[in-house]
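Note sheet for the following structure.
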Amino acid sequence: MNQSELKGLIAAALMPGAPELVADTAANLARTILERHEVVELPASSFEDEHGVTWSDSSGGFQLATVAGPEAWVAGEILSPDELQETAAALLAARRLVLAERAEVHQATGFVW
-12 MNQSELKGLI AAALMPGAPE LVADTAANLA RTILERHEVV ELPASSFEDE HGVTWSDSSG
48 GFQLATVAGP EAWVAGEILS PDELQETAAA LLAARRLVLA ERAEVHQATG FVW
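Using the working numbering, the first residue of the sequence shown is number -12, and each one after it goes up by one.
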């Protein structure tokens, strides 16, 4: 979620009847949150079958995670809720770094991915 989207979400939550009245406060909150955190919309599961609920990549060719009862499977390993959060946070941090590196290369060379 980008800063503008988060600002709109915060403003609507703070003052549903007139979000424009709290737009500056919402912008400051959004900027502060996004400095150290990622805010993402949680995706719907890809499918549910007798093995559990599964999330796959956008092509559907790679299963990212499956929840079967009280267990979550990621890359063939059972992860605890804390391990799932740690893994997700590390992936989001890696995404942020890749985007920053790409922006730096683009600025220096003009190359676009």
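Glycine included, each C-beta is placed from N, C-alpha and C at the ideal position.
Rounded C-alpha distance that separates residue i from residue j
i: V9; j: A62; result: 44 Å
i: Q94; j: Q72; result: 33 Å
i: A55; j: G97; result: 46 Å
i: G(-5); j: A5; result: 11 Å
i: E88; j: A81; result: 10 Å
i: N15; j: V85; result: 25 Å
i: V99; j: E28; result: 26 Å
i: E25; j: T74; result: 14 Å
i: P68; j: E58; result: 9 Å
DSSP three-state assignment for residue i, whether helix, strand or coil
i: V85; result: helix
i: E37; result: coil
i: N15; result: helix
i: L1; result: helix
i: E73; result: helix
i: L8; result: helix
Nearest-angstrom Cβ-Cβ length linking residue i and residue j, presumed shorter than 8 Å
i: Q(-10); j: R23; result: Q(-10) to R23, Cβ: 13 Å. No contact.
Any alpha helix (DSSP H) of 4 or more consecutive residues that is wholly inside the region 39 to 71: none
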